[in-house]
Amino acid sequence: MKPTDALFESIYPRDGLLVIGLVAQVGTNLDDLCAALQNRLQDKKYEVEVLSLSRFLSAGGTKTQEKQAKGTRLRKGLSCQHALALCAIAEIASKFNGNDDRSRKAFIIRSLKRPEEIEALRMVYGEAFLAIGVHTPKSKRLFYLRDVKGDKNGEDTIGADENAADYFGQRIRDTFEFCDFFIKGIDPEYVGLTRALKLCFGSVFTTPSRDEYAMAMAYAASLRSADLSRQVGAAIMNDSREIVAVGANEVPRFGGGQAWEDDRPDLRDFAELKYDPNVVERDELINNFLTGLDGVESEQGTLPMKDDPEVRKILKRSGLLDITEFGRTVHAEMACLMSSLRNHIDVRGSTLYSTTYPCHNCVRHIIASGVTTVKYVEPYPKSRAEKLFRTSCSFWDDDYNEQTGEPMEVRQGLRLEPFIGIGPRKYHDLFAMKTLSGKRIERKDEASGKALDESTMGLQDLKWPTSHFGLADREKRAVEQLVSLWDSGLEAEFPEVAKLIPEGATTITEWQQHLDVDPEATGRKPTSAEKTSGTQPKQRTPKGRKEQRADRTILNVEEGAEDARKASEGA
């Protein structure tokens, strides 16, 4: 072994901790998936434990909607959108007593419902954390909720799961885009899961599928966008499996194409206008409308004034704030189609890959172009494509009969379905033959020149580097935040969370002493009696803390509480 390889292996052990978070819409059968994932990890000599976040919400409610509501109350009670992730971190930390060494330990967390939860887990566990997106058609999930779970209000349950109206509710739709790879929840053999884990554990001859390659090109294209709202990329692959066009959401350039970074003058929104024109124009129209209603009498009395705080809530629920009519950017999908047109490329029969579900304006042009399939990563709730073009499109969510759970014949039309495979986040780590640090990964025996035989390689260790140094300290910071946010008034409703808060129970006290949690970081110094006895102080919410708490990230507790409160009330 070369000296640099020895140094690399000492810093980045290949058999370290693995934390896997499952992201799945309500109604997805995660029991079978967890069993399959557990078996495959055990085959890699890992000790595996499944952590269900719903356990922290189980007291006093067993139905899905009850747990959804309790999750919202917990997040709101702590003013913390990643509260359940903190609970998972505290649970994992309690099993190691502050020890950094986590060799061949794996935890499966089911299931994550907010982007902030993934963000928090990545802050603490870094590259040792993987997020798996599990896609199941809505029709299949409705059947599962009704026939397996006995939920007669499946539509309401799914609606609350996807994008709850409350600021601290669930946002599963927004969480999928942060996943590392995506699998089908309806595959009984979990072929996609097996392939993904094969890559994770060192396969050097598994190369990108055409879907993975095309989506990586779409993602790369998105990075050139300077749009003030989001970066979106798209790519078109023809039936010969060639990329014939790429595009991003960016303002148009006279003469063809879109603005580039070195164009002068710079016509992009941030440089020319210095504001988002869609927001300004939209709000001006709304204000003009409401101004015209000021003082107008109706049979029920005077209509609401435009400054009425309730008006904004009504507008948000109405969908008026979702209009995108006045943006200057050419959408990524349209940029692809325009590129094909300028270069005389026929896209009939092609597949369009987009990092975001296309808006209804793009869908109508995609239909007219002759493209037959669209694959996407991030959902886009503002799109009205499913409502406006139902007869011209075939949607993934309609693939199963809601009453019987059996597959249905796929309707002819533009096919829109979620992307399945290795996502852009892990594309380099899993397919590159050099790590980001420059370490080379071999495919052949240097002496003989013969290709390595994967069947004899074992493939037991992770392919990408993870470092355990500082892990216990990062967990400690997360635990400290959970302790500092905890309100003892929540204990009756959330007893399982209360057990994670060091309050004198023997095992938890021992765990806290090992983690060396600083009492001052929790807002209270230990009493003289506690110092004498060596016990840890009971953590309580300091006076006024409940009213002043804000939504926080793990390592930066600075957000303004008033902003969080207003956001919650305005949701």
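Sequential numbering from 1 applies to the sequence shown in our numbering. Ideal placement from N, C-alpha and C gives every residue a C-beta, glycine not left out.
Cut-off 6 Å between Cβ atoms - residues of its own chain near residue i, not counting five sequence neighbours on either side
{"i": "tyrosine 219", "result": "Gly233, Thr355, Pro424"}
{"i": "alanine 85", "result": "Glu117, Ala120, Leu121"}
{"i": "glycine 349", "result": "Asp239, Thr372"}
{"i": "valine 50", "result": "Cys34, Ile108"}
{"i": "alanine 216", "result": "Pro424, Tyr427"}
{"i": "serine 103", "result": "Asp15"}
{"i": "arginine 317", "result": "none"}
{"i": "arginine 411", "result": "Ser394"}
{"i": "glutamate 491", "result": "Ala498"}
{"i": "alanine 505", "result": "In this prediction, alanine 505 scores a pLDDT of 33, lower than 50, which makes its location untrustworthy; no coordinate-derived value is stated."}
DSSP three-state assignment for residue i, whether helix, strand or coil
{"i": "valine 279", "result": "helix"}
{"i": "serine 103", "result": "coil"}
{"i": "glutamate 49", "result": "strand"}
{"i": "glutamate 510", "result": "Annotation note: pLDDT 44 at glutamate 510 (below 50); position unreliable, no value reported."}
{"i": "leucine 145", "result": "helix"}
{"i": "phenylalanine 395", "result": "strand"}
{"i": "threonine 351", "result": "strand"}
{"i": "glutamine 460", "result": "coil"}
{"i": "isoleucine 109", "result": "strand"}
{"i": "threonine 157", "result": "helix"}
{"i": "valine 124", "result": "helix"}
{"i": "glutamate 406", "result": "coil"}
{"i": "proline 595", "result": "In the structure as shown, the chain starts at 1 and stops at 571, and residue 595 therefore has no counterpart that could be examined."}
{"i": "histidine 428", "result": "helix"}
{"i": "phenylalanine 129", "result": "strand"}
{"i": "methionine 338", "result": "helix"}
{"i": "leucine 86", "result": "helix"}
{"i": "histidine 360", "result": "helix"}
{"i": "tyrosine 380", "result": "coil"}
{"i": "threonine 64", "result": "helix"}
{"i": "isoleucine 594", "result": "With the chain covering only 1 through 571, there is no way to say anything about residue 594."}
{"i": "glycine 21", "result": "strand"}
{"i": "asparagine 93", "result": "A quick correction: the sequence has alanine, not asparagine, at residue 93. DSSP places alanine 93 in helix when its eight states are reduced to three."}
{"i": "histidine 135", "result": "strand"}
{"i": "glutamine 170", "result": "coil"}
{"i": "alanine 196", "result": "helix"}
{"i": "arginine 264", "result": "coil"}
Residue i burial status per 10 Å Cβ neighbour count (16 or more: buried)
{"i": "arginine 390", "result": "exposed"}
{"i": "lysine 140", "result": "buried"}
{"i": "tyrosine 125", "result": "buried"}
{"i": "histidine 344", "result": "exposed"}
{"i": "methionine 433", "result": "exposed"}
{"i": "serine 369", "result": "buried"}
{"i": "aspartate 180", "result": "buried"}
{"i": "valine 19", "result": "buried"}
{"i": "leucine 78", "result": "buried"}
Candidates the options: closest to residue i by CA position
{"i": "asparagine 401", "options": "Arg146, Lys113, Ala478", "result": "Arg146"}
{"i": "isoleucine 172", "options": "Cys34, Arg342, Val26, Ile186", "result": "Val26"}
{"i": "cysteine 359", "options": "Gly489, Arg384, Val204", "result": "Arg384"}
{"i": "threonine 351", "options": "His344, Cys336, Ile108, Ile92", "result": "Cys336"}
{"i": "lysine 274", "options": "Asn153, His468, Ser229", "result": "Ser229"}
{"i": "isoleucine 441", "options": "Val204, Leu500, Ser369, Thr466", "result": "Val204"}
{"i": "leucine 17", "options": "Leu223, Lys44, Ala106", "result": "Ala106"}
{"i": "glutamate 47", "options": "Lys95, Ser222, Cys80, Gly185", "result": "Lys95"}
{"i": "arginine 415", "options": "Ile422, Gly405, Asp398, Leu223", "result": "Asp398"}
{"i": "phenylalanine 129", "options": "Leu53, Arg73, Gly421, Ser467", "result": "Ser467"}
{"i": "leucine 223", "options": "Ala214, Pro137, Val244, Asn249", "result": "Asn249"}
{"i": "glycine 489", "options": "Leu74, Ile314, Glu325, Gln42", "result": "Leu74"}
{"i": "phenylalanine 178", "options": "Ile132, Tyr213, Lys63", "result": "Ile132"}
{"i": "aspartate 445", "options": "Met457, Thr435, Lys439, Gly438", "result": "Met457"}
{"i": "glycine 257", "options": "Val330, His82, Leu112", "result": "Val330"}
{"i": "aspartate 161", "options": "Leu285, Glu272, Ala24, Tyr144", "result": "Ala24"}
{"i": "serine 340", "options": "Gly154, Leu482, Gly247", "result": "Gly247"}
{"i": "glycine 255", "options": "Lys387, Lys63, Met338", "result": "Met338"}
{"i": "histidine 82", "options": "Tyr380, Ser52, Ala69, Lys113", "result": "Lys113"}
{"i": "leucine 500", "options": "Lys152, Lys76, Ile92, Ala451", "result": "Ile92"}
Beta-carbon separation (whole angstroms), residue i vs residue j, contact threshold 8 Å
{"i": "leucine 197", "j": "arginine 443", "result": "The pair is not a contact, with the Cβ atoms about 20 Å apart (cut-off 8 Å)."}
{"i": "valine 251", "j": "aspartate 262", "result": "Actually they are not in contact, since the Cβ atoms of valine 251 and aspartate 262 sit about 15 Å apart, beyond 8 Å."}
{"i": "lysine 375", "j": "tyrosine 353", "result": "5 Å"}
{"i": "glutamate 333", "j": "isoleucine 366", "result": "6 Å"}
{"i": "leucine 199", "j": "lysine 463", "result": "7 Å"}
{"i": "methionine 237", "j": "arginine 264", "result": "The pair is not a contact, with the Cβ atoms about 34 Å apart (cut-off 8 Å)."}
7 Å CB neighbourhood of residue i in its chain, flanking five on each side removed
{"i": "isoleucine 323", "result": "Arg282"}
{"i": "lysine 44", "result": "Phe201, Gln460"}
{"i": "phenylalanine 326", "result": "Pro277, Asn278, Glu281, Arg282"}
is_contact[residue i, chain D] using C-beta, thresh 7 Å
{"i": "aspartate 263", "result": "Among the protein chains of the structure shown there is no chain D, as only one such chain exists."}
Close Cβ partners of residue i (< 8 Å) along its chain, the five nearest in sequence each way excluded
{"i": "serine 58", "result": "Lys67, Glu496"}
heavy atom of the ligand COA below 6 Å from residue i C-beta
{"i": "isoleucine 20", "result": "In the structure shown, the ligand COA is absent, as is every other ligand, since no ligand is present at all."}
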